[in-house]
Amino acid sequence: MKRNKTVVIGSGRLGANIAAKLSDLGNDVLIIDKDGSSFRKLSETFSGYDVVGDATDLGILENEAFIKEAKEVIITTDSDNVNLFIAHICFFIYDVPNIYVRFSDTDKGKLIEHTTIRAIYPFILSIEDFMEKRVGGIEL
Amino acid sequence: MRIVVVNGTHEADFIVKKFKKERHQLLVINSDKKFGEYISSSNKIPVLFGDPTKAYTLEDANIQGADVLIALSENDIDNYVACITAKKLFDVKRVVSVVRNPKRVDLFRALGIDSVISSTYLLGESIKNESIIEDFIKTISIENEKIVITEIKVEPDFNLVNKKIKDASLPPHLIISCIYREPKAIIPNGETIIEAHDKLVIVSTLEDTDSMIEFIQKRVVPHEE
């Protein structure tokens with residue numbers, strides 16, 4: 001089966017914006033969230049698919065989110081535990097080539113060592129951003 | 141053994157009581173403050189209040205190298221994360237998770253949880269087993285349960301199939317008193333050949349019932365080619 005889809009799990013502000021951006025760039029994007037009203041956050045230019053469903057259910061991941069056809073998956077639900085669980089499923093069960101996961105708790109990163117899963121930490125990005133913007137930099 | 145019990149309500153209390161009685165060393169973590177206090181006071185042991193899916197909670201509980209961790213929360217995914225964290229970051233030897241959704245039993249195993257327990261799954265299995273017993277073995281006892289009459293259905297792969305009773309090397313203390321073979325009942329002798337799908341009515345003593353059932357149900361071992 002051809003892996004040509006981008007699957008975004010969790011349609012919060014981050015997930016919805018990533019989905020819109022990748023869709024604008026010409027990717028075949030599918031976004032899934034268990035709450036249909038969260039798709040309001042998708043921009044009007046979004047031309048991909050939105051699917052209501054629980055992505056921790058293998059049946060839904062396979063048949064509704066087409067995870068076996070995914071070239072990449074971006075996991076951004078509001079729960080670190082759910083994100084870790086889905087990332088492990090995508091890596092260990094479905095061999096998705098590129099997996100990105102958002103974690104609030106940096107400790108979760110230790111649980112994806114020795115895998116190709118890549119983590120995004122808003123916490124670290126905020127600190128870096130702050131240090132960059134701080135008047136006087138690190139010297140003050 | 142050092143056993144870690146995380147989350148859960150009455151089942152956690154039950155397990156803690158059982159392990160305490162067996163003199164295991166217990167570490168209890170609960171994210172529900174009220175229930176944690178209840179387990180603590182009813183078993184007279186310390187309970188750590190915290191979220192066991194967080195590495196720092198497990199660190200505080202000092203679970204490093206424990207023999208077993210049992211995760212009992214109602215949330216399957218929290219149980220998964222607590223188990224995986226304990227195994228990967230704290231070298232817990234064996235992690236056990238309860239799951240609400242029986243479809244997750246195989247998935248959790250594939251992802252590295254050593255044992256996965258679903259009460260729905262177990263219920264299904266045990267109903268299945270009971271109905272098998274119901275179908276194939278019926279027992280009645282007479283004379284104050286000293287004599288047992290058992291009815292056993294013969295499956296095609298039983299060792300006994302197509303053997304004469306006298307050649308079947310039946311153990312002593314049992315008699316095949318009747319064979320029910322659609323549509324008739326046969327009172328067998330040594331020359332009678334046992335066929336697949338027969339129902340055997342066997343008289344034995346109570347003590348020999350288990351070994352008798354085991355003997356009758358012996359299956360043909362396939363030859364290795």
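Quick note, the sequences are listed as chains A and B, same order. 140 is the number that my numbering gives the last residue of the first sequence; the numbers go up by one with no jumps. 365 is the number that my numbering gives the last residue of the second sequence; the numbers go up by one with no jumps. For glycine and all other residues, C-beta sits at the position ideal for the given N, C-alpha and C.
- Closest in alpha carbon position to B:A211, among B:K173, B:K158, B:A152, B:L346, is B:A152.
- Per DSSP, the continuous beta strand (DSSP E) segment holding B:I210 begins and ends at 208 to 211.
- Taking a Cβ-Cβ cut-off of 8 Å, A:L125 has no neighbours in chain B, whose nearest Cβ is about 21 Å from it.
- Cβ contact annotation for A:Y121 (same chain, cutoff 7 Å, sequence separation greater than five): F103, T106, in chain order.
- As DSSP reads the structure, B:F189 sits in a beta bridge with B:N170.
- Here B:I353 really is in contact with B:I292; their C-beta atoms are around 7 Å apart, less than 8 Å.
- By the rule that beta-carbons nearer than 7 Å mark a contact, A:K110 touches chain B.
- If you draw a straight line from the Cα of A:I67 to the Cα of B:L198, it comes to about 33 Å.
- Here A:Y49 carries a strand assignment [DSSP, helix/strand/coil].
- Counting C-beta atoms within 10 angstroms of its own C-beta, B:L262 has fewer than 16 neighbours from the protein chains shown and is therefore classed as exposed.
- Closest option to A:E44, judged by alpha-carbon separation, among A:T6, A:A16, A:V135: A:A16.
- The beta carbon of A:G36 is closer than 6 Å to those of V52 in its chain, skipping five residues each way along the sequence.
- Using a Cβ-Cβ cut-off of 9 Å, A:T76 is close to nothing in chain B; its nearest Cβ partner there is about 16 Å away.
- Here the C-alpha atom of B:L340 lies approximately 5 Å from the C-alpha atom of B:I319.
- Where A:C90 is concerned, there is no enclosing beta strand (DSSP E), because DSSP gives it neither an H nor an E.
- Ranked by Cα distance from B:N329, the first of B:A226, B:D191, B:K304 is B:K304.
- CA-CA distance, B:Y178 to B:F154, rounds to 12 Å.
- Sequence-ordered contacts of the segment 88 to 114 of chain A with chain B read H88, I89, F92, I93, D105, D107, K108, K110, L111, E113 [C-beta pairs closer than 9 Å].
- B:I203 sits buried, since 16 or more C-beta atoms from the chains shown fall within 10 Å of its C-beta.
- The alpha carbon of B:V361 has as its nearest neighbour, out of B:V235, B:G252, B:A226, B:N299, the alpha carbon of B:N299.
- Across the structure, B:S259 and A:S126 are spaced so that their CA atoms are roughly 44 Å apart.
- A straight-line Cα-Cα distance of about 13 Å links B:K161 and B:I143.
- Identification of chain A residues near B:D218 by a Cβ-Cβ cut-off of 8 Å yields N81, ordered along the chain.
- Against chain A, the CB of B:K228 has a partner CB under 7 Å away; the residue lies at that interface.
- Burial check for A:T115: the Cβ neighbour count within 10 Å stays below 16, so the residue is exposed.
- For B:V235, no chain A residue has a C-beta closer than 9 Å to its own C-beta; the minimum C-beta separation is roughly 13 Å.
- If you look at B:A325, you'll find it in the beta strand (DSSP E) that goes 324 to 326.
- Inside the segment 285 to 345 of chain B, DSSP marks whole beta strand (DSSP E) runs of 3 or more residues at positions 287 to 293, 314 to 321, 324 to 326, 339 to 345, from first to last along the chain.
- Inclusion of B:V239 and B:V256 in the CB contact set at 7 Å is warranted, their separation being smaller than that value.
- Against chain A, the beta carbon of B:L247 has neighbours under 9 Å at L58, I89, I93, listed in chain order.
- Note that the C-beta distance between A:A70 and A:V96 is below 7 Å.
- Following the DSSP letters along the chain, one finds A:Y100 inside the beta strand (DSSP E) bounded by residues 98 to 102.
- Under the 10 Å beta carbon count, B:I342 is surrounded by 16 or more other beta carbons and is classified as buried.
- Counting along the chain, A:L111 sits inside no beta strand (DSSP E), nor does DSSP assign it H or E at all.
- Ranked by Cα distance from B:V245, the options B:N219, B:K227, B:D231 are led by B:N219.
- In this structure, A:G26 sits away from A:T76, with a CB-CB distance that is not shorter than 7 Å.
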